[in-house]
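To keep things clear, I will list the structure first and then write my remarks on it.
4 protein chains.
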Amino acid sequence: MRGWEPFLTAQDKAHLEYLGPREPKGFGENPCLLVIDDYYSVVGLVREPILESIKTWPGSCGLEGWAAIDETVGLLAAARSSGIPVIYVHGLEGFPSSWGRRRGNAGRLDHLPAEVRAKANQIIEEIAPQPGELVLQKAAASAFHGTPLPFHLTYEGIDTVIACGETTSGCVRATVVDGCTFRYHMGVVEECCFDRTQASHWLNLFDMNQKYADVVTKTQAINYFETIGPKKIPIAVSP
Amino acid sequence: MRGWEPFLTAQDKAHLEYLGPREPKGFGENPCLLVIDDYYSVVGLVREPILESIKTWPGSCGLEGWAAIDETVGLLAAARSSGIPVIYVHGLEGFPSSWGRRRGNAGRLDHLPAEVRAKANQIIEEIAPQPGELVLQKAAASAFHGTPLPFHLTYEGIDTVIACGETTSGCVRATVVDGCTFRYHMGVVEECCFDRTQASHWLNLFDMNQKYADVVTKTQAINYFETIGPKKIPIAVSP
Amino acid sequence: MRGWEPFLTAQDKAHLEYLGPREPKGFGENPCLLVIDDYYSVVGLVREPILESIKTWPGSCGLEGWAAIDETVGLLAAARSSGIPVIYVHGLEGFPSSWGRRRGNAGRLDHLPAEVRAKANQIIEEIAPQPGELVLQKAAASAFHGTPLPFHLTYEGIDTVIACGETTSGCVRATVVDGCTFRYHMGVVEECCFDRTQASHWLNLFDMNQKYADVVTKTQAINYFETIGPKKIPIAVSP
Amino acid sequence: MRGWEPFLTAQDKAHLEYLGPREPKGFGENPCLLVIDDYYSVVGLVREPILESIKTWPGSCGLEGWAAIDETVGLLAAARSSGIPVIYVHGLEGFPSSWGRRRGNAGRLDHLPAEVRAKANQIIEEIAPQPGELVLQKAAASAFHGTPLPFHLTYEGIDTVIACGETTSGCVRATVVDGCTFRYHMGVVEECCFDRTQASHWLNLFDMNQKYADVVTKTQAINYFETIGPKKIPIAVSP
């Protein structure tokens, strides 16, 4: 049973049963691994349940976040040992036009000492970028907007983006929809995504799997990376 | 109580309660109404429950769809009588690079007579565009990608997009996320959106309301249109 | 000598000589041919010098246009016989937000009988699309904006766009700059581009060749198509 | 006489005369000033003629560059004293997918001491950003691609972009074409743009003025800024 099933209604289940089993969309030959918004303010500095953690870090996802980070360690190792390029995105600091015109977030971290607050937008150490890996800053939910990510994917001939990070219902979902729009093969690694709302986590995995991506287990993702191995470099032809 | 609450877990409810009531994001001064993908293949030609309707139209949302269409009639009338521009989007026919690389959809309507099948991508008559209203074709979920919609919004000085249509979890959600990314004030009219999965419908309304938009009732949307009235035309200044 | 040299100043020539010969940027392995805005209103229905032709068709490029169309016939034949996909773009009719907020163009063709005017936006018969070839409509200079062209290129794994059409300084230039921005290998076929201003034609070929593309002869383009032959279809891998 | 006229052919002049005088496209009510790529490597650290300057800085535009920088000082002062927001763009350092797949540029500055080379991508001191002004990094010619600039313009309700910087035929031109595509009113300040090729400088001003923008003098731009004065802040309306 997939984790989203308890959230579906009886009508939803009857509807899905009528339509029959879903066929995988499939991945391509030249993937990258995209790690989305895994920075400290979404898990906190200490491993605590979400309802504890938000007392210090209002945007924290708590233990679900740390569990996903722990799983991401192995996913990253597999990508790197197979020569799959790893790309990180996180928030562009100092951009004045707030994402989504959200109000009420100003000073959310004002209660924290400056040296703690400085870690908010820092990528979590356990899964930090290695030298030479691309780290992009974004000013919206999707990694594809307002960033040169699409340029890089075309330049490298990448046809498949395997995504993980947080939140499942926010930046991961927005990135996956755009990747699908732009006609990349999209994958989502279930254990390596997390959210601050359980229902949103599971229903967004369901939605992405139905419409835009293949939601796979960490084991499936690693098997895919190992099957592909190092990507082939495209060869330029002079006119 | 909002319709998404029954889908939330106990932890989700405790989390939301801790964060406190959500403040509206707010609308701007120059809105448009965007009607997304309200064509026949998503409701069928006959008003039937979804589990009946999908026997003829596999993509049908059934009675939930027709209920939303009925509500949209009044929403459109209010927009038009207040001078709010109405824009429609639906699928670009004949584009060869299938949206989301979905497989297994070919021939889904092959069992239908040609004259019935021809109605599949036709906008539903009860809410059809009036002469002079803009109708755009898109090749992805979001109305903002691969279309000149953003050009038109800037040209007209529009700062707010009030969205409705189907599916809540598909093209409506994708459009609302992008509109927010591009820094438009986004609204979603609850009664005028529909989906083929009940859980997805409600959780996507929840997600949009939390992150990207104000999910409002039809009455609130109409009140807003009437408050705004006809938009002001920007005046050009010669150099 | 390249055709742009007579337009360069003495300082420009000294500067270029100091920098030394320009190395080709190179093409990739999976090209398409993009035919931009070759419709009747930019050449007229009759082969006349530009200063005659504009009396009927104010946007006409005259004999330079027809010469480029004649060359394009052979370019298309070579692409097709080598299995290189051909894509056409031309203007989206009826889009209300005029491109570039240009004034003074309304009614430019009002003096023409309706049946003649109807040919204005029609692709020129000698180089018309063949069944199955993609024809996209655009609402701006560049073929990459407000259209699903980038989706299609990614979907097909295309890495190189060989461009031709009109005007060299308008839609061709804008498309080539964007293609380069999006990290496609870009080519421009010199004999198959045309403009209504001679100086703009040559200087834009120079600019594109310096910065964004390889400006090649028709013979070079045909040789490249024949070297590449039919593109390889990427193979999907299931997760 | 405009500076591009000596570059036009006899046919070009006859053609333009037949079409008659060009009407200005016009500016809007809420402009910004966009300063494009004015960093040291395009003028050098010392004011020298281009053919001298390129011996140290191969990308230098020499004295034409410094002349434009000097004019930009007054343009910036006028914008600031009128409350017109100023936005800067320059190159994103360390992005691995080179712009336009250009070859042969690697190590262009290798002959310079590290502390000199460090100034290459630094904005020129005389026209440097003031605290609070937005500085964006881009990975392509146009300021609109791969950056959150369009988000910010919509957020601020900006309808007009007055551009200056370098090169006229490169990043200025690409930005102006995109701004026009996205339906902003575009202006170009003639004295504040510069290029390393004289013919390209003048013909690109001509092209932009014909198709995409109003190319104005510094005095015209300052008059426009003073007419507009501080921009009006849009007022949000709650649903």
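Chains as they are written, first to last, in the numbering used here: chain A, 11 to 249; chain B, 11 to 249; chain C, 11 to 249; chain D, 11 to 249.
Idealized CB from N, CA, C, for every residue including glycine.
In this text the structure is predicted, and so the values were computed from the model without any measurement.
Quiz item: Can you round the beta-carbon distance between glycine 167/C and aspartate 169/A to whole angstroms, since I take them to be within the 8 Å contact cut?
Solution: Translated into the one-based positions of the third sequence, residue 167/C becomes position 157. Translated into the one-based positions of the first sequence, residue 169/A becomes position 159. Yes, glycine 167/C and aspartate 169/A are in contact; Cβ-Cβ is about 6 Å, under 8 Å.
Quiz item: From Gln21/C, Gly156/C, Gly142/C, Arg193/C, pick the residue whose C-alpha is nearest to that of threonine 164/C; which is it?
Solution: Taking the third sequence and counting its residues from 1, one reaches residue 164/C at position 154. Out of Gln21/C, Gly156/C, Gly142/C, Arg193/C, Arg193/C has the C-alpha closest to the C-alpha of threonine 164/C.
Exercise. Using a Cβ-Cβ cut-off of 8 Å, state whether serine 248/D counts as contacting chain B.
Key: Residue 248/D sits at position 238 when you count from the first residue of the fourth sequence. Residue placement at serine 248/D is flagged as unreliable, the pLDDT there being 45, under the threshold of 50; the coordinate-derived value follows with that caveat. It does: the Cβ of serine 248/D has a partner Cβ on chain B nearer than 8 Å.
Quiz prompt | Beta carbon of leucine 144/A nearer than 8 Å to that of alanine 153/A | solution = Position 134 of the first sequence holds residue 144/A. Position 143 of the first sequence holds residue 153/A. Not closer than 8 Å, so no.
Self-check item: Amino acids of chain D, ordered along the chain, whose beta-carbon sits closer than 8 Å to that of threonine 191/B
Solution: By one-based count along the second sequence, residue 191/B stands at place 181. Chain D residues near threonine 191/B: Phe161.
Quiz item: Pick from Val56/A, Thr66/A, Arg90/A, Ser92/A: whose alpha carbon is nearest that of tryptophan 76/A?
Solution: Position 66 of the first sequence holds residue 76/A. Ranking the options by Cα distance to tryptophan 76/A, first place goes to Val56/A.
Quiz item: In whole angstroms, what separates the C-alpha of valine 53/B from that of arginine 90/B?
Solution: Taking the second sequence and counting its residues from 1, the one referred to as residue 53/B is at position 43. Taking the second sequence and counting its residues from 1, the one referred to as residue 90/B is at position 80. Approximately 24 Å, taken between the alpha carbons.
Exercise. Using a Cβ cut-off of 9 Å, pull out every chain A residue sitting near isoleucine 172/B, in sequence order please.
Key: By one-based count along the second sequence, residue 172/B stands at place 162. The premise fails here: isoleucine 172/B is roughly 15 Å from chain A at the closest Cβ pair, so nothing lies under 9 Å.
Quiz item: Measuring CA to CA, which of Gln220/C, Arg183/C, Tyr222/C is closest to aspartate 205/C?
Solution: As a working note, residue 205/C is residue 195 in the third sequence. Answer by Cα proximity: Arg183/C.
Practice problem: May I have the straight-line CA-CA distance separating isoleucine 60/B from glycine 180/B, to the nearest angstrom? | Solution: Taking the second sequence and counting its residues from 1, the one referred to as residue 60/B is at position 50. Taking the second sequence and counting its residues from 1, the one referred to as residue 180/B is at position 170. Approximately 17 Å, taken between the alpha carbons.
Quiz prompt | For histidine 162/A, the first and last residue of its enclosing alpha helix (DSSP H) | solution = Here residue 162/A corresponds to residue number 152 of the first sequence, with the count starting at 1. Here the alpha helix (DSSP H) through histidine 162/A covers 159-166.
Quiz prompt | CA nearest to the CA of tryptophan 109/D, picked from Asp47/C, Val171/C, Val187/C | solution = In the fourth sequence, counting from the first residue as 1, residue 109/D sits at position 99. Per the Cα distances, Val187/C.
Quiz item: Leaving out the 5 sequence neighbours to the left and right, which residues in its chain are closer than 6 Å to valine 99/D when beta-carbon positions are compared?
Solution: Taking the fourth sequence and counting its residues from 1, the one referred to as residue 99/D is at position 89. Around valine 99/D: Ile46, Leu146, Lys148, Ala153.
Practice problem: Please check the pair arginine 118/B and proline 68/B, which I expect to be a contact at CB under 8 Å, by giving their CB distance rounded to whole angstroms. | Solution: Within the second sequence, numbered from 1, the residue matching residue 118/B stands at position 108. Within the second sequence, numbered from 1, the residue matching residue 68/B stands at position 58. Contact holds; Cβ gap of about 5 Å.
Quiz item: Can you pull the DSSP bridge partners for leucine 43/A?
Solution: Reading the first sequence from its first residue, position 33 is the one you call residue 43/A. DSSP, once it has assigned bridges, lists Val96/A, Ile172/A as partnering leucine 43/A.
Practice problem: Assign arginine 113/C to buried or exposed, taking buried as 16 or more other Cβ atoms, counted over all protein chains shown, within 10 Å of its Cβ. | Solution: Residue numbering aside, residue 113/C sits at position 103 when the third sequence is read from its first letter. In this predicted model, arginine 113/C has a pLDDT of only 47, less than 50, meaning its place in the structure is not dependable; the value taken from the coordinates is given anyway. So arginine 113/C counts as exposed.
Self-check item: Range covered by the beta strand (DSSP E) that runs through cysteine 202/D
Solution: Counting from 1 along the fourth sequence, the entry for residue 202/D is found at position 192. Where cysteine 202/D is concerned, the enclosing beta strand (DSSP E) stretches over 195-204.
Quiz item: Under three-state DSSP, which class holds glutamine 132/D?
Solution: For the purposes of this step, residue 132/D is identified with residue 122 of the fourth sequence, where counting begins at 1. Of the three classes helix, strand and coil, the one that applies to glutamine 132/D here is coil, per DSSP.
Self-check item: Residue from Tyr222/A, Trp212/A, Gly197/A, Gln220/A whose Cα sits closest to the Cα of asparagine 40/A
Solution: The residue you call residue 40/A lines up with position 30 of the first sequence. Here the closest residue by C-alpha is Gly197/A.
Quiz item: Just to confirm, are lysine 228/B and cysteine 202/B a CB contact at a threshold of 8 Å?
Solution: The residue given as residue 228/B occupies position 218 in the second sequence. The residue given as residue 202/B occupies position 192 in the second sequence. Yes; because the gap between Cβ atoms is below 8 Å, this pair is in contact.
Practice problem: Give the single residue among Leu44/C, Glu81/C, Glu176/C, Tyr49/C whose Cα lies nearest to the Cα of glutamate 103/C. | Solution: As a first step, residue 103/C must be located in the third sequence, where it is residue number 93. Minimum Cα distance to glutamate 103/C is reached at Tyr49/C.
Quiz prompt | Given leucine 18/B as reference, the closest of Thr207/A, Gln230/A, Asn214/A once Cα atoms are compared | solution = Position 8 of the second sequence holds residue 18/B. With distances taken between Cα atoms, leucine 18/B lies closest to Thr207/A.
Quiz item: Quick one: what does DSSP say tyrosine 49/A is sitting in, helix, strand or coil?
Solution: Taking the first sequence and counting its residues from 1, the one referred to as residue 49/A is at position 39. If DSSP states are grouped into helix, strand and coil, tyrosine 49/A belongs with the strands.
Practice problem: For isoleucine 232/A, I'd like the list of residues in its chain whose CB is within less than 6 Å of its CB, leaving aside the five on either flank, ordered along the chain. | Solution: Counting from 1 along the first sequence, the entry for residue 232/A is found at position 222. If we look at isoleucine 232/A and ignore the five residues flanking it on each side, its Cβ neighbours are Ala88.
Quiz item: Is the Cβ-Cβ distance between alanine 150/D and threonine 191/C less than 8 Å?
Solution: If you number the fourth sequence from 1, residue 150/D lands on position 140. If you number the third sequence from 1, residue 191/C lands on position 181. Their beta carbons are under 8 Å apart, which means alanine 150/D touches threonine 191/C by this criterion.
Exercise. Mind checking who aspartate 224/D pairs with in its DSSP beta bridge?
Key: Numbered from 1 along the fourth sequence, position 214 holds the residue referred to as residue 224/D. In the DSSP output, where bridge partners are listed per residue, aspartate 224/D has Gly197/D.
Exercise. Please confirm whether serine 92/B and glutamate 236/B have their CB atoms less than 8 Å apart.
Key: Your numbering for residue 92/B matches position 82 in the second sequence. Your numbering for residue 236/B matches position 226 in the second sequence. Yes, the pair counts as a contact, with Cβ atoms nearer than the cut-off.
Quiz prompt | DSSP three-state assignment for glutamine 147/C, whether helix, strand or coil | solution = Translated into the one-based positions of the third sequence, residue 147/C becomes position 137. Glutamine 147/C: strand per DSSP, three-state reduction.
Quiz item: What separation, rounded to the nearest whole angstrom, lies between the Cα atoms of isoleucine 97/A and isoleucine 172/A?
Solution: For the purposes of this step, residue 97/A is taken as residue 87 along the first sequence, with counting starting at 1. For the purposes of this step, residue 172/A is taken as residue 162 along the first sequence, with counting starting at 1. Answer to the nearest angstrom: the Cα atoms are 10 Å apart.
Quiz item: Taking DSSP as the reference, what is the three-state secondary structure of glycine 101/A?
Solution: Within the first sequence, the letter at position 91 stands for residue 101/A. Of the three classes helix, strand and coil, the one that applies to glycine 101/A here is strand, per DSSP.
Quiz prompt | Closer than 8 Å to chain B by CB, leucine 144/C | solution = Position 134 of the third sequence holds residue 144/C. It does: the Cβ of leucine 144/C has a partner Cβ on chain B nearer than 8 Å.
Practice problem: Answer yes or no: does any C-beta atom of chain A fall closer than 8 Å to that of glycine 104/B? | Solution: Stepping through the second sequence from its first residue, residue 104/B is reached at position 94. With 8 Å as the cut-off, glycine 104/B does not count as an interface residue toward chain A.
Practice problem: State buried or exposed for histidine 25/D, treating a residue as buried only when at least 16 other CB atoms are found within 10 Å of its CB. | Solution: For the purposes of this step, residue 25/D is taken as residue 15 along the fourth sequence, with counting starting at 1. Buried, because 16 or more other Cβ atoms sit within 10 Å of the Cβ of histidine 25/D.
Self-check item: Extent of the continuous alpha helix (DSSP H) run through glycine 7/D
Solution: What is shown of chain D runs 11 to 249, which leaves residue 7/D out entirely.
Quiz prompt | From His121/B, Gly30/B, Gly38/B, residue whose alpha carbon lies closest to that of lysine 65/A | solution = On the first sequence, residue 65/A is found 55 positions in, with the first residue counted as 1. Ranking the options by Cα distance to lysine 65/A, first place goes to Gly30/B.
Quiz item: Between Ser70/C, Gly84/C, Lys35/C, Leu85/C, which lies nearest to alanine 130/C when the distance is taken from Cα to Cα?
Solution: Within the third sequence, residue 130/C is the residue found at index 120, counting from 1. Per the Cα distances, Ser70/C.
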